[in-house]
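If you count the sequence shown from 1, position 76 lands on 76 in the UniProt record's numbering, and the numbers rise without skipping.
In this text, a Cβ means the ideal position worked out from N, Cα and C, and glycines have one as well.
Here the structure is a predicted model, which means the values were calculated and not measured.
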Amino acid sequence: MTDMDASLKEIMQIDGTIGAAVVDYTSGMALGTIGGTKELDLAVAAAGNTDVVRAKLRAMEMLHIDETIEDILITLDTQYHLIRPLTGRAGKGLFLYVALMKSRANLAMARHRLRQIESGMDI
1 MTDMDASLKE IMQIDGTIGA AVVDYTSGMA LGTIGGTKEL DLAVAAAGNT
51 DVVRAKLRAM EMLHIDETIE DILITLDTQY HLIRPLTGRA GKGLFLYVAL
101 MKSRANLAMA RHRLRQIESG MDI
């Protein structure tokens with residue numbers, strides 16, 4: 001098991017990663033962040049993407065979809081934004097948020113590595 005800071009450092013090793021955060025979607029607060037740019041404020045992104053997660057969970061509830069979200073992908077012109085709710089007992093109510101440069105990232109590999117990193121996280 002790796003702690004949150006070590007896991008965030010591992011995420012930054014994924015090709016094309018701009019920044020990452022562990023976010024509490026009940027409060028919208030980032031518990032930990034790494035990377036980012038002057039255009040990508042991870043604290044603001046964490047709060048904004050909390051609304052995305054909450055909206056999707058509400059929609060699933062209204063549709064009576066009894067499944068879990070593996071990840072949510074937002075594709076921009078030059079970036080991918082991945083949101084991955086943590087599934088471990090200690091991660092309940094938390095999600096990983098990762099921004100990637102589209103030109104440098106391999107989306108399939110990034111999703112695969114996030115799955116691996118998440119499975120070894122100890123929050």
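In whole angstroms, what separates the C-alpha of residue i from that of residue j?
{"i": "residue 78", "j": "residue 70", "result": "23 Å"}
{"i": "residue 92", "j": "residue 38", "result": "30 Å"}
{"i": "residue 41", "j": "residue 57", "result": "24 Å"}
{"i": "residue 43", "j": "residue 115", "result": "23 Å"}
{"i": "residue 74", "j": "residue 111", "result": "13 Å"}
Return the chain-ordered list of same chain residues with a C-beta closer than 7 Å to the C-beta of residue i, the five sequence neighbours on each side being excluded.
{"i": "residue 102", "result": "78, 79, 80"}
{"i": "residue 3", "result": "122"}
{"i": "residue 24", "result": "31, 93, 94"}
{"i": "residue 55", "result": "none"}
{"i": "residue 28", "result": "46, 47, 50"}
Do residue i and residue j have their C-beta atoms within less than 8 Å of each other?
{"i": "residue 59", "j": "residue 21", "result": "no"}
{"i": "residue 144", "j": "residue 94", "result": "Nothing can be reported for residue 144, as the shown portion of the chain is limited to 1 through 123."}
{"i": "residue 83", "j": "residue 49", "result": "yes"}
{"i": "residue 19", "j": "residue 32", "result": "no"}
{"i": "residue 98", "j": "residue 72", "result": "no"}
Tell me where the alpha helix (DSSP H) around residue i begins and ends.
{"i": "residue 129", "result": "Only positions 1 to 123 of the chain appear in the structure, and residue 129 is not among them; the question remains open."}
{"i": "residue 71", "result": "Residue 71 -> no alpha helix (DSSP H), and no H or E assigned at all."}
{"i": "residue 189", "result": "For residue 189 there is no data in the structure shown, the boundaries of the chain being 1 and 123."}
{"i": "residue 5", "result": "4-12"}
Which residues bound the beta strand (DSSP E) around residue i?
{"i": "residue 84", "result": "79-85"}
{"i": "residue 34", "result": "30-35"}
{"i": "residue 101", "result": "94-101"}
{"i": "residue 24", "result": "17-24"}
If I measure Cβ to Cβ from residue i and keep anything under 8 Å in the same chain, skipping five residues before and after, which residues do I get?
{"i": "residue 109", "result": "14, 15"}
Could you name the residues of the same chain whose beta carbon sits closer than 6 Å to that of residue i, not counting the 5 residues immediately before and after it, in chain order?
{"i": "residue 10", "result": "117"}
{"i": "residue 7", "result": "117, 121"}
So residue i packs on residue j, CB below 8 Å; how close in whole Å?
{"i": "residue 12", "j": "residue 34", "result": "6 Å"}
{"i": "residue 17", "j": "residue 86", "result": "With 8 Å as the limit, residue 17 and residue 86 do not qualify as a contact, their Cβ atoms being about 18 Å apart."}
Consider the Cβ of residue i: report whether some Cβ of chain C lies at a distance smaller than 8 Å.
{"i": "residue 103", "result": "The structure shown contains no chain C; it is built from a single protein chain."}
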